[in-house]
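Reading through the structure tokens given below for one structure.
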Amino acid sequence: MRGNRGEPRAKRDLLSIMDLDGGDLREIFDRSFQLKKEWQARRATPILQGCTLAMIFEKSSLRTRSTFEIGIAQLGGNSIDLSNLNIGMGTRESVADIARNLDRWCDIVMVRTYGKERAETVARETAAPVINALTDEEHPCQALADYMTLMAVEDTRDLSGFPIAYVGDGNNVSHSLMCLAALMGMDFRIAAPHQYQPQPFYVDWARRTAAATGARITITTDPREAVSGARAVYTDIWASMGHEKEYAERAKVFPPYQLNSALLSHAERDAYVMHDLPARRGEEITDEVMDGPTSIILLQAEHRLHAQKGIMLWLAEKAGIRRYE
Ligand code: CP
Ligand code: NVA
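Numbering (the working numbering), first residue to last: 2 to 326.
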């Protein structure tokens, strides 16, 4: 693979939590916490001065777009927002040709798309590190930011054995949370209706990984069982982007999985309430819980910035990307 100045380059991508091992996690969280400390002291770190992040969006976004754009700017770089309306991935131009062009100008590429194959094609066709910023299957940046948030509130870098329950749709966010929990030795429970369980491919990977790390992975249809004794309870929207048309049908089966005070009362006292957002208030989560005293939802949104700065810096280092002098 050649970089945009024609030099041979080895690189890492972050397409999936499954791309990472324990050493990678330590390196990413080290950078993310260091950059957070500098941000709190209002110190800029132009460590990626002049570097360009391309952001490809085939789906809507508030948090991801904002935090990547702000994050690369705080690192001294810049970004271009390539919405699919403009670039027409696979219609105006092939995904591979778009990636080969971006390779000539950009240092890092971020992709939010439908099936993971598109992100994989972009990664294959460019020497720039590629970041999965949500696919139908995974949302790795979200999971890294979420567990960084838990580390911050618990004031520890060690979340092994930490009991966290996810209730709702066995979707992209749940896959990344489960796989990362497996890598980090956590006690992860998920309760989802039987027709909306996490995909077996991710469950199998998480279980195999858990066998090596000491993590516990529990899959159930019973929200009370999952939440019982949990120190954090997480939910997400019932119909993810791309599944909006199924909303009415899904809304018939998901109400028992609503994160409300009755369900939360089965968790450990003062359990953290988590959501990746956007939320449909009154549906998968009630106002009282979302705005309650143990909600860390906005802190999660804040940590998207810190985690992604760490991810970009880590990937840039692995690819040997140098700042512009
Ligand atoms: N949580 C999240 O990824 O938010 P956006 O869809 O607004 O980016
Ligand atoms: N599961 C949601 C997450 C949004 C950040 C979706 O894919 O729409």
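All C-beta atoms, glycine included, are put in the ideal place defined by N, C-alpha and C.
Residue i: CB within 7 Å of a non-hydrogen atom of ligand 1
i: ASP137; result: no
i: ARG66; result: yes
i: GLN143; result: yes
i: PRO279; result: yes
i: SER62; result: yes
Whole-angstrom distance between residue j and residue i, CA atom to CA atom
i: ASP159; j: MET152; result: 7 Å
i: ILE220; j: ALA45; result: 43 Å
i: ARG113; j: ALA263; result: 35 Å
i: TYR258; j: MET90; result: 36 Å
i: ALA320; j: ALA146; result: 22 Å
i: LEU306; j: VAL274; result: 20 Å
i: TYR115; j: TYR167; result: 22 Å
i: VAL174; j: TYR325; result: 35 Å
i: THR65; j: ASP237; result: 16 Å
i: ARG208; j: THR214; result: 10 Å
i: ASP25; j: LEU135; result: 20 Å
i: THR295; j: GLN50; result: 38 Å
i: GLY162; j: LEU86; result: 45 Å
i: THR53; j: ALA249; result: 41 Å
i: GLY293; j: GLN35; result: 30 Å
i: PHE255; j: SER229; result: 19 Å
i: ILE322; j: LEU21; result: 20 Å
i: ARG105; j: ARG190; result: 44 Å
i: ALA240; j: GLU139; result: 15 Å
N-terminal and C-terminal residue of the beta strand (DSSP E) that residue i is part of
i: PHE202; result: Not the beta strand (DSSP E): PHE202 falls in the alpha helix (DSSP H), residues 201-214.
i: MET291; result: No beta strand (DSSP E) contains MET291, which is instead part of the alpha helix (DSSP H) from 288-291.
i: ALA144; result: It is not in any beta strand (DSSP E) - ALA144 instead sits in the alpha helix (DSSP H) that spans 141-155.
i: ARG217; result: 217-221
i: SER80; result: 79-84
i: ASP188; result: 188-192
i: ALA227; result: Not the beta strand (DSSP E): ALA227 falls in the alpha helix (DSSP H), residues 224-228.
i: ILE132; result: 131-133
Start-to-end residues for the alpha helix (DSSP H) that takes in residue i
i: THR122; result: 117-126
i: PHE58; result: Segment 53-58 is the beta strand (DSSP E) holding PHE58; no alpha helix (DSSP H) there.
i: ALA252; result: 248-254
i: ASN173; result: 173-184
i: MET111; result: MET111 -> not in any alpha helix (DSSP H); beta strand (DSSP E) instead, spanning 109-113.
i: GLN309; result: 298-319
i: THR295; result: Element bounds for THR295: n/a, residue is neither H nor E.
Ligand 2 heavy atom lying under 7 Å from the CB of residue i
i: VAL174; result: yes
i: MET242; result: yes
i: HIS195; result: no
i: ASP237; result: yes
i: HIS267; result: no
i: HIS140; result: yes
Per DSSP, the bridge partner or partners of residue i
i: HIS357; result: Outside the displayed range of the chain (2 to 326) lies residue 357, so it cannot be described from this structure.
i: GLU94; result: MET90
i: ALA166; result: ARG190 and VAL234
i: LEU15; result: ILE132
i: ARG282; result: ILE286
Check whether residue i and residue j have beta carbons under 8 Å apart
i: ALA272; j: ALA233; result: yes
i: PRO130; j: LEU316; result: yes
i: ALA1; j: MET111; result: Missing from the structure shown is residue 1; the chain here goes from 2 to 326 and no further.
i: THR68; j: GLN309; result: yes
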